[in-house]
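Chains as they are written, first to last, in this note's numbering: chain A, 5 to 307; chain B, 5 to 188.
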Amino acid sequence: MQCVIDLPAKWINPSELEAAVQRSGQPHGQDVFEVEFRFPVGSKLMIDAAIRVLSLANQLALTSRRVRLAFDEGEAGTMGYLNRAGFFDHLAGPIEVLPWRPTFSAAAVHRGGNAGLVEIARINKDHRDTTLPGRLAEALRRACSSRADVSELTNAAWTIFAELIDNVFSHSRTPLDGYAALQVYPRGDRVVVAVSDSGLGIMETLRPALQAESRLSGLSDLDLLVEIFRQGISRHGADRGDGLRGSAAKAIRYRADLDVRLPSLRVRLTPARGSYAPNTAHCFDRLPLVWGTHIGFTLRLTG
Amino acid sequence: MNERPSVIVLRELMEGAEGWGREQGRAVFQQLLEKVEAARGCTLFKVSLRGVERADISFASETLVELTRRFRSEKGFYLVDVGNEDLAENIEAAATRKVQPLLVWSNGSARVLGPEPSQGTRDTLHFALERPQTRAAEYVAERPGMTIANASMKFKQLWQQGFLLREESAADSGGMEYIYRRIG
């Protein structure tokens, strides 16, 4: 059967993408042999949603499904942006693109030319790009230069990128590449960084590390993920853990919104904005299967 | 007895100014081991982080913390020239995870990264860090009411946990006692 993922005609962040994937059913379902992603006129993929689409499309192609991306607006719309971000450089060859695959890569031509964009970079342990965390951190520093804490923020961000990307190298065990990218949205006063892989998922990494803490090892994946955030939030728990927990703590300290998608669950964390609003975790489980770990975080440009 | 430390410049063992990830960390760790083994007989090492701009938690864990843990109670490693707070914080996170304290010295004062000493040994550590070396008897002399046995236990605990080094020495009484040396 065919599975159609109908994207809405507006800005598409991970939540919008998630809703569209849920409406489509189960793209990874056993009876699904064809998956189409439809982008109507006016739909605009944000970078974190874009690399999730890229990962999911490549996963579906790897499992012998016919995959099609249909862009109603052609290169004038979100397809042009995706080309600039390097999306098609990483999209599996057999995937059909309508109206056509871009004839040249705008990312290859203009790479590095826009201070507000770090084009989609692949994460592959056999082709380790040692400059990647530094490039992402530098783009973030430029974007957030008006923040009083920009220097500390840049160092913290480097650590977060380094840990997340190293995690993909160390644990993903997949034939598919992972991806990382950054985009500044000046009008939205935010910068979005996303790291995505199609491997085992961070739970496989975290569970062994938590064996000593029996209280945690009995938790469900969802509760465990929330607990990681909670430890990051708690004053005493901050930085008391492995790289991932330390990174979460740093992200929260700089009041980043965090969005973590695992094979069938998702947690979105919104830090407190004012003194009365607490940190909030929104949890979703029993979601359609998407392999891997997909992490997005969003920072305010102006603090 | 006041052994001069052997100096290791971490940056010289790294490919660049950024230490990233477990894999890179393991490669640097091997070089650190070689340095330590080459300095035969040396028990005190000053590790300079000059030129290291960044290091993530995984890298710090595989290098500095792992090295210190491996030689705990035998050889002491302390850090100098820690360039920024994020670097210190990442080393701290790694040290906490591996329950291995690391001392950072700057302008004559020490800071512990990683697990703190227990409430009961905090003052003892503070005392020990103020002098190159000390003995339980000296500590007792300045802490009226404290017994030698109690002081000895505190020093031993600090030594076992990796906060201090120690060596045997002939006591004035003719017996044997331990001299505790600060790491740094």
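Heads up, the beta-carbon is just placed ideally off N, CA and C, and yes, glycines get one too.
All values reported here derive from a predicted model rather than from experimental measurement.
- Separation of Ala-125 (chain A) and Leu-136 (chain A) (C-alpha to C-alpha, rounded to the nearest whole angstrom) is 8 Å.
- Taking Ser-52 (chain B) as the centre and dropping the five residues before and after it, the same chain places the C-beta of Val-13, Val-84, Asp-85 closer than 6 Å to its C-beta, in chain order.
- Chain B places no beta carbon closer than 8 Å to that of Asp-261 (chain A), leaving this residue out of the contacts.
- Arg-26 (chain B) and Tyr-82 (chain B) have their C-alpha atoms spaced approximately 21 Å apart.
- Your pair Glu-38 (chain A) and Gln-63 (chain A) does not check out as a contact, with CB atoms roughly 14 Å apart and the cut at 8 Å.
- One Cα belongs to Glu-120 (chain B), the other to Glu-96 (chain B), and the distance between them is close to 11 Å.
- By the 16-neighbour rule on beta-carbons within 10 angstroms, Pro-18 (chain A) is buried.
- In this structure, the CA atom of Ile-152 (chain B) is about 14 Å from the CA atom of Ser-177 (chain B).
- Within the stretch 68 to 156 of chain A, the complete alpha helix (DSSP H) runs of at least 4 residues fall at 82 to 89, 91 to 94, 110 to 114, 136 to 147.
- The beta carbons of Thr-125 (chain B) and Leu-162 (chain B) sit closer together than 8 Å.
- Pairing Ala-92 (chain B) with Val-108 (chain B) gives a Cβ-Cβ distance under 8 Å.
- Non-local C-beta neighbours of Asp-193 (chain A) in its own chain, meaning closer than 8 Å and more than five positions away in sequence, comprise Arg-304, Leu-305, Thr-306, ordered along the chain.
- Proximity of the stretch 137 to 153 of chain A to the stretch 32 to 43 of chain B falls short of the contact definition, fewer than three beta-carbon pairs being nearer than 8 Å.
- When C-beta distances to chain B are compared with 7 Å, the residues of the stretch 122 to 134 of chain A below that value are Thr-134, in chain order.
- Contact holds between the stretch 69 to 82 of chain A and the stretch 31 to 45 of chain A, because three or more Cβ pairs, one in each stretch, are under 8 Å apart.
- At a cut-off of 8 Å between beta carbons, Glu-167 (chain A) contacts chain B.
- Under the Cβ criterion of 8 Å, Trp-24 (chain B) is counted among the residues facing chain A.
- Per DSSP, the unbroken alpha helix (DSSP H) holding Lys-158 (chain B) starts and ends at 152 to 164.
- With respect to the C-alpha of Leu-71 (chain B), the residue from B:Gln-35, B:Glu-7, B:Asp-127 having the closest C-alpha is B:Gln-35.
- For His-130 (chain B), the enclosing alpha helix (DSSP H) begins and ends at 123 to 133.
- In the DSSP assignment, Phe-288 (chain A) falls within the unbroken beta strand (DSSP E) covering 284 to 288.
- When the beta-carbon positions are compared, Ile-164 (chain A) and Ser-251 (chain A) come within less than 8 Å of each other.
- Cβ-Cβ separation between Gln-104 (chain B) and Gly-166 (chain B): approximately 6 Å, consistent with a contact (criterion under 8 Å).
- By the C-beta density criterion, Lys-14 (chain A) is exposed, having fewer than 16 other C-beta atoms within 10 angstroms.
- For Leu-21 (chain A), the enclosing alpha helix (DSSP H) starts and ends at 18 to 28.
- The alpha carbon of Gly-90 (chain A) has as its nearest neighbour, out of A:Arg-69, A:Ala-80, A:Arg-115, A:Leu-102, the alpha carbon of A:Arg-115.
- Within the stretch 50 to 72 of chain B, Arg-58, Asp-60, Ile-61, Ser-62 place their CB atoms closer than 7 Å to a CB of chain A, listed in sequence order.
- If you check each beta-carbon in the stretch 132 to 166 of chain B against every beta-carbon of chain A, none falls closer than 8 Å.
- Neighbourhood of Ala-160 (chain A) in chain B, by CB distance below 7 Å: Asp-90, in chain order.
- Between Arg-101 (chain B) and Val-56 (chain B), the C-beta spacing is not below 8 Å.
- Look at Leu-291 (chain A) here: in three-state DSSP terms it is coil, with no helix or strand label.
- Two segments are said to touch when three or more pairs of C-beta atoms, one from each, lie closer than 8 Å; by this definition the stretch 185 to 202 of chain A touches the stretch 166 to 176 of chain A.
- One finds nothing in chain A with a Cβ atom closer than 7 Å to the Cβ of Glu-120 (chain B); even the nearest lies about 12 Å away.
- Ile-183 (chain B) is bridged by DSSP to B:Glu-171.
- C-alpha of Ile-16 (chain A) to C-alpha of Leu-157 (chain A): approximately 27 Å in a straight line.
- The residue from B:Arg-73, B:Gly-20, B:Glu-146 with its alpha-carbon nearest to that of Gln-164 (chain B) is B:Arg-73.
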